[in-house]
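Report on the following structure.
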Amino acid sequence: MLETAAGATPLDVERLRRDFPVLDQEVNGRPLVYLDNAATSQKPVQVIEAIEAYYRSDNANVHRGIHELSRRATELYEGARKTVARYLGGVDPEEVIWTRGTTEAINLVAASWGGANLTEGDEILLSVMEHHSNLVPWQLVAERTGAQLRYLELNDDGTLRLDDLDGLLGERTRIVALTQVSNSLGTINPITEIARRVHDAGALLLVDGAQGAAHHGVDLTSLGADFYAFSGHKMCGPTGVGALWGRRELLESMPPWQGGGEMISLVERDHSTYAPIPHKFEAGTPNIAGAVGLAAAVEYLEQIGPAAILAHEQDLTRYAMERLQTLPAIRVFGPEDPSMRAGVVSFVLGDAHPHDISTILDSEGIAIRAGHHCTQLVMKHYGVSATARASFYLYNTRDEVDRLMDGLATVHSIFA
Amino acid sequence: MSELKLNSLYQQLILEHYRSPKNRGKLDDATVSIRMRNPTCGDDITLQLRVDDDEVIQDVRFYGEGCSISQASASIMTTLLKERSLDDAIQIAARFTALMHGDEDAAKDRSLRDLRALQGVSKFPVRIKCALLGFDALQEAVRKTRGEPALEA
Ligand SMILES: Cc1ncc(COP(=O)(O)O)c(C=O)c1O
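If you read the protein sequences in the order shown, they are chains A and B. Just so you know, we're using my numbering here: the first sequence kicks off at 21 and counts up by one. Just so you know, we're using my numbering here: the second sequence kicks off at 258 and counts up by one.
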């Protein structure tokens, strides 16, 4: 079920770091320490060069021209879809729909599937752990259709209250939308077990894979999801591209959600017929260079191995949590057991507001995130308005965790 | 350099106002109450004034939560407002906004009094909106008192 991190070969981080030009710089006079990976990851030269090569030699519109460049662009674009399908566990590429990212993928399902299938009194089950992008699209469709929102609550250790799940899954529950990995707590949710219970209750499961695809790895042939949404930019790919995966029969039964070129087969004066999936959901000229860049990112990650990346993140998380616990007045959120979380550590430190923590760390060249992380319901659960969050990726090191600790010592000296 | 910059930001006076804010609490007989939030960072301030018929601020309180800069700035601001006219309040807000945007003259303006301790914020562009949050509330409070339309919903 969960990809086990134990036993993976350690990463050669010093070598990997050389692939990321942005890491090689000073910020405020100190070598940059980039610990804001849950917001977006940095890009290796392999990705930057793939995008550049595409624009330098192959750029054309896809599926439209008879000429050579259009053929090449189409081949790269559709080839990228196959690469992504392979990364997702070897799913059918026609079930992979390009989007701008996780947010657009979830909006697509909420608008298209939700609009066609939800009626007054139906229920949508979400969790308090969700990113706003897995909440607001459902609020919008609930408003339109009269469906009701239900919530799975949090335990104080940052896990979902799964004991409540069966009780919340009722006759009217049509869809459950949950994140694979929490972006503010780091919690890895047991999706396969949840999927079984959701399906027993006759509902569908959408999984927000924004963090999962990047930090955990995924096999959609066994995960149990009916829909899976993710973003390229969190997994070494460019911004502005991501994908929705959905089970073929669901996608085929859903109405298009945007109209335009590319998604039609025949257009008449007052109606049209639509292209088969995936193109039915891809109106307009797509982000071709983005797809090419994302495919390069996927190849990069495959070469390193998602299990090894997760093991590395968990090692850094364990180390960071141990060191953080030595600080007076620290409060670390999320599961205590590092093997139950991805490389995300949220904390508050005494009276120092997370923004002040972030400003002070930035003055030492350390980038973290401060705020609610688009998870205001999580903040509310813990009674805080914001947290400081350090999040790790394949190129981070224990030395960088030490730099974080030095920075927090400065915070302590100012605010203690 | 960055340490110097940091020291200029976190002046003792600012930390004192953050730890022990002045005029913090609620005003029972407020004539106007404005809540301002910064959605990206969660800073949240409610400013309450009691303004008499001659447009003089008789009393002021604020509450809310946020970073040291937003809370200290609001606290220091309230210390300057009692017995001042709404015109004065607008003037102070304008001078302080100029200070935040690096105006040299504003930095020497004695009428800003303790607010000048916040001058270092101007070197941290992402934090300027924290320092201005209380003043945004003040300007909104003046508009509301005068029956002018709000700038932001
Ligand atoms: C768990 C989770 N869901 C959804 C999103 C939204 O992703 P995007 O902004 O790339 O659409 C993010 C990232 O911000 C996230 O961490």
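Quick reminder that beta carbons are idealized off the backbone N, C-alpha and C, glycines included.
* Asked: By the 10 Å Cβ neighbour count, where 16 or more other Cβ atoms means buried, how is T139 of chain A classified, buried or exposed?
  -> If you number the first sequence from 1, residue 139 of chain A lands on position 119. Exposed, because fewer than 16 other Cβ atoms sit within 10 Å of the Cβ of T139 of chain A.
* With hydrogens ignored, establish whether the beta-carbon of S277 of chain B is closer than 6 Å to any heavy atom of ligand 1. => Here residue 277 of chain B refers to the residue found at position 20 when the second sequence is read from its first residue. Every heavy atom of ligand 1 is 6 Å or more from the Cβ of S277 of chain B, so no.
* CB of T193 of chain A within 7 Å of CB of G109 of chain A, strictly -> If you number the first sequence from 1, residue 193 of chain A lands on position 173. If you number the first sequence from 1, residue 109 of chain A lands on position 89. The answer is no: Cβ separation not under 7 Å.
* Of the listed residues A:N416, A:H392, A:S433, nearest to H152 of chain A (C-alpha basis) -> Taking the first residue of the first sequence as position 1, residue 152 of chain A is located at position 132. If we check each option's Cα against that of H152 of chain A, A:H392 comes out closest.
* To do: Return the first residue and the last residue of the alpha helix (DSSP H) that L416 of chain B is part of.
  => Within the shown structure, residues of chain B are numbered from 258 to 410, placing residue 416 of chain B beyond reach of any answer.
* **Any non-hydrogen atom of ligand 1 closer than 6 Å to H392 of chain A Cβ** => Sequence index remark: in the first sequence, residue 392 of chain A carries index 372 (1-based). Every heavy atom of ligand 1 is 6 Å or more from the Cβ of H392 of chain A, so no.
* Does ligand 1 have even one heavy atom less than 6 Å from the beta-carbon of S251 of chain A? -> Along the first sequence, read from residue 1 onward, the residue named residue 251 of chain A stands at position 231. Yes, the beta carbon of S251 of chain A sits closer than 6 Å to at least one heavy atom of ligand 1.
* Asked: For S383 of chain A and chain B, any beta-carbon pair shorter than 7 Å?
  -> Within the first sequence, numbered from 1, the residue matching residue 383 of chain A stands at position 363. Interface residue, yes.
* **Any non-hydrogen atom of ligand 1 within 6 Å of S61 of chain A CB** => If you number the first sequence from 1, residue 61 of chain A lands on position 41. No - ligand 1 has no heavy atom lying nearer than 6 Å to the Cβ of S61 of chain A.
* Asked: Under a CB-based cut-off of 7 Å, is G299 of chain B close to chain A?
  -> By 1-based counting over the second sequence, the position of residue 299 of chain B is 42. G299 of chain B counts as touching chain A.
* Asked: Looking at the unbroken alpha helix (DSSP H) that takes in V318 of chain A, where does it start and where does it end?
  -> One-based indexing of the first sequence puts residue 318 of chain A at position 298. V318 of chain A -> alpha helix (DSSP H) spans 308-324.
* Residues in its own chain within less than 6 Å of R292 of chain B by CB, not counting five upstream and five downstream? -> The residue labelled residue 292 of chain B in the question sits at position 35 within the second sequence. Excluding positions up to five away in sequence, the list reads T303.
* Residue ranges of each alpha helix (DSSP H) run of no fewer than 4 residues wholly in the stretch 80-124 of chain A, ordered along the chain? -> 88-107
* Taking the alpha carbon of G187 of chain A as the point to measure from, which residue in A:T165, A:I214, A:D177 has its own alpha carbon closest? -> For the purposes of this step, residue 187 of chain A is identified with residue 167 of the first sequence, where counting begins at 1. Comparing Cα-Cα distances from G187 of chain A to each of A:T165, A:I214, A:D177, the minimum goes to A:I214.
* Quick one: give me the first and last residue of the alpha helix (DSSP H) that A158 of chain A is part of. => In the first sequence, the residue the question calls residue 158 of chain A occupies position 138. What sits at residue 158 of chain A in the sequence shown is Trp, not Ala. Per DSSP, W158 of chain A belongs to the alpha helix (DSSP H) from 156-165.
* Asked: In chain order, what residues of the same chain have a beta carbon less than 6 Å from the beta carbon of L22 of chain A, not counting five sequence neighbours either side?
  -> Taking the first sequence and counting its residues from 1, the one referred to as residue 22 of chain A is at position 2. Its pLDDT being 40, under 50, L22 of chain A is placed unreliably by the model, and the measurement read from it follows with that caveat. Answer for L22 of chain A: no residue qualifies.
* Asked: Can E143 of chain A and Q168 of chain A be called in contact, C-beta distance under 7 Å?
  -> Here the question's residue 143 of chain A lines up with position 123 in the first sequence. Here the question's residue 168 of chain A lines up with position 148 in the first sequence. The answer is yes: Cβ separation under 7 Å.
* Asked: Whose CA, out of A:G141, A:S204, A:L336, lies closest to the CA of R164 of chain A?
  -> Counting from one through the first sequence, the residue named residue 164 of chain A turns up at place 144. Checking every option, the nearest Cα to that of R164 of chain A belongs to A:G141.
* Taking buried to mean at least 16 other C-beta atoms within 10 Å of its own C-beta, is D344 of chain B buried or exposed? -> Position 87 of the second sequence, counting from 1, holds the residue named residue 344 of chain B. That one is exposed.
* Compare the C-alpha of D300 of chain B against each of B:A346, B:L266, B:K386, B:L369 and name the closest. => Locating residue 300 of chain B in the second sequence gives position 43, where the first residue counts as 1. It is B:K386.
* Residues bridged to M293 of chain B by DSSP? -> Your numbering for residue 293 of chain B matches position 36 in the second sequence. BP columns for M293 of chain B point to B:I302.
* Starting from D56 of chain A, follow its DSSP beta bridges and name the residues at the other end. => Numbered from 1 along the first sequence, position 36 holds the residue referred to as residue 56 of chain A. Answer is A:S411.
* **Nearest neighbour of G359 of chain B, chosen from B:V378, B:S368, B:I347, B:R341 [CA to CA]** => Reading the second sequence from its first residue, position 102 is the one you call residue 359 of chain B. Out of B:V378, B:S368, B:I347, B:R341, B:V378 has the C-alpha closest to the C-alpha of G359 of chain B.
* Could you pull out every unbroken alpha helix (DSSP H) segment of at least 4 residues lying fully inside the stretch 234-281 of chain A, listed in chain order? => 240-243, 268-273
* Short check: CB of F247 of chain A to CB of V129 of chain A, under 7 Å? -> What you label residue 247 of chain A is simply residue 227 of the first sequence in a count that begins at 1. What you label residue 129 of chain A is simply residue 109 of the first sequence in a count that begins at 1. Going by C-beta atoms, F247 of chain A is nearer than 7 Å to V129 of chain A.
* Which first and last residues belong to the alpha helix (DSSP H) in which Y402 of chain A is found? -> Within the first sequence, the letter at position 382 stands for residue 402 of chain A. Counting along the chain, the alpha helix (DSSP H) containing Y402 of chain A begins and ends at 396-402.
* Residue-chain proximity (Q268 of chain B, chain A), Cβ-Cβ < 7 Å -> Residue numbering aside, residue 268 of chain B sits at position 11 when the second sequence is read from its first letter. By this cut-off, Q268 of chain B is not an interface position.
* Asked: Between D426 of chain A and the rest of its own chain, which residues show a CB-CB distance below 6 Å, the 5 nearest in sequence each way excluded?
  -> Against the first sequence, residue 426 of chain A aligns to sequence position 406. Cβ neighbours of D426 of chain A beyond the five flanking positions: none.
* Asked: Any beta-carbon of chain A closer than 7 Å to the one on L263 of chain B?
  -> Stepping through the second sequence from its first residue, residue 263 of chain B is reached at position 6. Cβ-Cβ to chain A under 7 Å: yes for L263 of chain B.
* **Start-to-end residues for the beta strand (DSSP E) that takes in Y171 of chain A** => Numbered from its first residue, the first sequence carries residue 171 of chain A at position 151. Start and end: 168-172.
* To do: Would you decide whether R76 of chain A is buried or exposed? Buried here means 16 or more other CB atoms lie within 10 Å of its CB.
  => Position 56 of the first sequence, counted from the start, is the residue given in the question as residue 76 of chain A. By the neighbour-count rule (16 or more Cβ atoms within 10 Å), R76 of chain A is not buried but exposed.
* **Chain-ordered residues of the stretch 359-382 of chain B with a beta carbon less than 7 Å from chain A** => F381
* CB contact flag (F392 of chain B, A350 of chain B, <7 Å) -> The residue given as residue 392 of chain B occupies position 135 in the second sequence. The residue given as residue 350 of chain B occupies position 93 in the second sequence. Contact flag set, yes.
* To do: Please check the pair S290 of chain B and E312 of chain B, which I expect to be a contact at CB under 8 Å, by giving their CB distance rounded to whole angstroms.
  => As a first step, residue 290 of chain B must be located in the second sequence, where it is residue number 33. As a first step, residue 312 of chain B must be located in the second sequence, where it is residue number 55. S290 of chain B to E312 of chain B, Cβ: 17 Å. No contact.
* To do: Can you grab the Cα-Cα spacing for the pair Q315 of chain B / Q278 of chain A, in whole Å?
  => Reading the second sequence from its first residue, position 58 is the one you call residue 315 of chain B. Reading the first sequence from its first residue, position 258 is the one you call residue 278 of chain A. So the two alpha carbons sit approximately 57 Å from each other.
* To do: Check whether the stretch 330-339 of chain B touches the stretch 402-421 of chain A, taking contact to mean three or more Cβ pairs, one atom from each stretch, closer than 8 Å.
  => no
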